[in-house]
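Residue numbers (my numbering): 6 to 504. By construction, the Cβ of each residue, glycine as well, lies at the ideal position given by its N, Cα and C atoms. Before any comments, here is the structure.
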Amino acid sequence: MQVKATLHRDFTIADIDDRLYSAFIEHMGRAIYTGIYEPGHPSADARGFRQDVLELVRDLKIPAVRYPGGNFVSAYDWKDGIGPKENRPVRLDLAWRSKETNQVGINEFAWWAEQAGLEMILAVNLGSGNLQDAREFAEYVNHASGTYWSDLRRSHGVEDPYNVKMWCLGNEMDGPWQIGHKDAREYGRLADETSKALKGLDPSIETIVCGSSSDEMPTYPEWEREVLDACYENVDYISLHKYFGNNSNNSLNFFAKTEATGRYIQAVSSIIDFTKAKKRARNDVYICFDEWNVWYHRRSEDDAKIRQWDWPEAPELLEETYNFEDALFVGCLLNEFIRRSDRVKIACIAQLVNVIAPIRADKGGPAWRQTIYWPYQFASLYGRGQALQVVTSGPTYDCEVADDVPYLDIAATRDKDTITLFVINRHPTETMDLDVALTGYTADRVLLHQCLEGHDLKATNSGTTPDKVSPSAGKHLGIEDEHLKGRLNPLSYHAIRIA
Ligand code: AHR
């Protein structure tokens with residue numbers, strides 16, 4: 006099968022915000038405890054942070070991490086996690102029915118994030134918490150000195166403020182499962198006032214208001230309209246969340262869920278535009294897709310487990326083992342974010358370690374890369390600069406979630422004179438002959454071609470076989486007369502850099 010594509014040097018979509026490749030870590034399961042933090046682990050440093058996990062995080066070169074939740078944040082008191090560790094209370098975490106020891110709090114996490122080279126995106130509790138808690142938290146974190154909260158931070162050994170610029174106004178407040186769930190009007194007002202208070206503290210703060218927990222929520226998209234109506238002029242981003250699965254074991258339909266995600270982004274963008282026009286507002290609101298990933302392999306098993314257990318500490322939870330099919334899907338989803346980078350400025354893979362994560366770490370044992378680590382890393386390393394329009398013609402398919410889905414999924418970026426293409430051949434059996442016209446470029450070299458291919462769709466990595474699904478150098482691509490030409494095997498992922 007043949008696919009023709011054209012790129013033009015001047016036909017760009019948008020500047021890609023580096024924060025498109027951010028991540029999320031929540032206090033739940035083994036994400037924090039025995040994930041990033043495990044005193045006594047052979048690789049732990051003096052503060053108890055695992056260096057093996059830290060290295061895998063650093064290698065991703067991602068810019069920012071959202072913390073501390075998730076559902077957890079909606080009943081979390083940040084004050085439980087400050088001061089001498091021995092005085093910190095053990096609390097019940099109502100979201101995940103587990104015990105929270107508070108041995109990691111904002112100062113420990115901030116230290117870890119700095120070691121990992123990550124900026125923090127902090128979420129405030131607008132479930133059981135209120136505006137006052139949020140502003141005190143922000144003052145503790147961001148104010149230099151001379152006030153009760155800033156001096157308290159300094160008394161905890163942190164002289165300089167963290168200057169956190171991105172703040173989430175609660176989490177999934179549309180979800181009836183959320184502690185302190187609210188209706189759209191109620192939440193919109195609270196978000197508006199909280200955002201004003203945070204920006205009053207520091208006008209350079211950017212706030213992220215909760216959109217829907219997914220486009221399948223009964224209140225979507227009315228939730229977005231009502232919430233933005235209440236707070237548009239005082240917020241900078243609206244969040245989108247979506248998790249994906251292949252319960253029907255239909256790979257082509259699974260892969261096409263990224264097209265449906267494009268419709269979700271489009272619809273929320275339209276509500277943003279509508280609200281801006283209605284309010285005659287001058288400011289722009291962008292999208293922060295701050296939770297996305299594959300989550301289905303053991304979801305019902307985990308749901309049942311949580312209902313029955315007796316408040317365990319750092320239990321195994323949501324430890325999805327990802328396969329090659331999931332890696333192809335993640336490649337397609339990241340392509341969709343690149344294509345929508347005019348509206349989506351921040352996106353966070355959910356999550357980063359152990360819990361629905363690209364990195365797994367056994368308690369007392371090794372850490373390793375899951376299959377989805379690879380497309381996420383390639384996008385983070387090379388999907389920078391500007392997103393380019395790609396005009397393609399080639400074979401397509403219809404499925405339950407979308408029609409006319411191209412078998413070959415392509416996104417392209419340009420960073421100075423280097424072009425990167427991320428290409429996924431979703432066809433189960435056919436090789437694609439690719440011909441990309443590079444209009445306006447004088448590219449003559451393939452600098453890098455890494456691919457994931459030749460695996461069973463259900464192949465996975467593990468602590469004992471960590472590299473079973475890992476990239477290899479691609480062989481069948483070259484440049485002739487300003488055309489990139491080559492053959493892409495069925496069910497394969499490619500990161501291609503040319504200059
Ligand atoms: O990431 C796991 C959970 O998924 C988060 O806590 C919540 O925000 C979402 O429902």
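In terms of side-chain proximity, the C-beta atom of Leu323 is found nearer than 8 angstroms to a non-hydrogen atom of the ligand AHR.
In this structure, the straight-line span from the alpha carbon of Val129 to that of Ala139 is close to 6 angstroms. In this structure, the ligand AHR has no non-hydrogen atom nearer than 8 angstroms to the beta-carbon of Gly132.
Leu462 carries a coil assignment under DSSP once its states are collapsed to helix, strand and coil.
Checking the 8 angstroms criterion, the Cβ of Phe29 is within range of a heavy atom belonging to the ligand AHR.
A straight-line Cα-Cα distance of about 25 angstroms links Leu174 and Leu322. By the 16-neighbour rule on beta-carbons within 10 angstroms, Arg35 is buried.
Straight-line measurement puts the Cα of Thr423 at about 12 angstroms from the Cα of Leu393. Taking 4 residues as the minimum length, the alpha helix (DSSP H) runs contained wholly in the segment 17-83 are 56-65, in order along the chain. Assignment of Cys337 by DSSP, reduced to helix, strand and coil, places it in the helix class. DSSP places Glu191 in the uninterrupted alpha helix (DSSP H) bounded by Ala189 to Leu206. Your pair Ala372 and Arg55 checks out as a contact, with CB atoms roughly 7 angstroms apart and the cut at 8 angstroms. Closest in C-alpha terms to Met33, from the list Asp85, Arg63 and Thr106, comes Thr106. In the three-state reduction of the DSSP assignment, Leu127 falls in the strand class.
Shortest gap from the CB of Ile184 to any heavy atom of the ligand AHR: 8 angstroms or more. CA-to-CA, the gap between Leu493 and His481 works out to about 7 angstroms. The ligand AHR has no heavy atom closer than 8 angstroms to the beta-carbon of Tyr301. Listed in chain order, the beta strand (DSSP E) runs fully inside the segment 205-276 are 211-214 and 242-249, counting runs of at least 3 residues. Going by C-alpha positions, Lys201 is about 21 angstroms away from Leu245.
In the three-state reduction of the DSSP assignment, Trp101 falls in the coil class, being assigned neither a helical nor a strand state. Per DSSP, the continuous beta strand (DSSP E) segment holding Arg502 begins and ends at Ser497 to Ile503.
Listed in chain order, the non-local C-beta contacts of Lys204 below 6 angstroms within the same chain comprise Ile210, local neighbours out to five positions each way being set aside.
Secondary structure note for Leu322: it is in no alpha helix (DSSP H), with a DSSP letter that is neither H nor E. Checking the 8 angstroms criterion, the Cβ of Ala286 is out of range of every heavy atom belonging to the ligand AHR.
Of the residues assessed, Leu97 falls on the exposed side of the cut-off, its CB having fewer than 16 other CB atoms within 10 angstroms. Closest option to Phe294, judged by alpha-carbon separation, among Trp316, Arg345 and Ser48: Arg345.
Contact between the segment 60-79 and the segment 114-132 is present: three or more C-beta pairs spanning the two stretches fall below 8 angstroms. Distances taken from the Cβ of Gly216 to the heavy atoms of the ligand AHR include none shorter than 8 angstroms. Of the heavy atoms belonging to the ligand AHR, at least one sits nearer than 8 angstroms to the Cβ of Asn176. Within the DSSP bridge table, the entry for Val396 names Thr11 as partners. The C-alpha of Asn359 is placed about 31 angstroms away from the C-alpha of Ala196. Excluding the 5 residues flanking it on each side, Glu31 has same chain C-beta neighbours closer than 7 angstroms at Pro73, Gly74, Gly75, Phe77, Gln356 and Val360, in chain order.
Taking the Cβ atoms as the reference, Ala407 lies roughly 29 angstroms from Ala282, outside the contact range of under 8 angstroms.
Of the other Cβ atoms in all chains shown, fewer than 16 fall within 10 Å of the Cβ of Tyr153; this residue is therefore exposed.
Inclusion of Tyr248 in the 8 angstroms shell around the ligand AHR follows from its C-beta lying nearer than that to a non-hydrogen atom of the ligand. The beta carbon of Glu296 sits closer than 8 angstroms to at least one heavy atom of the ligand AHR.
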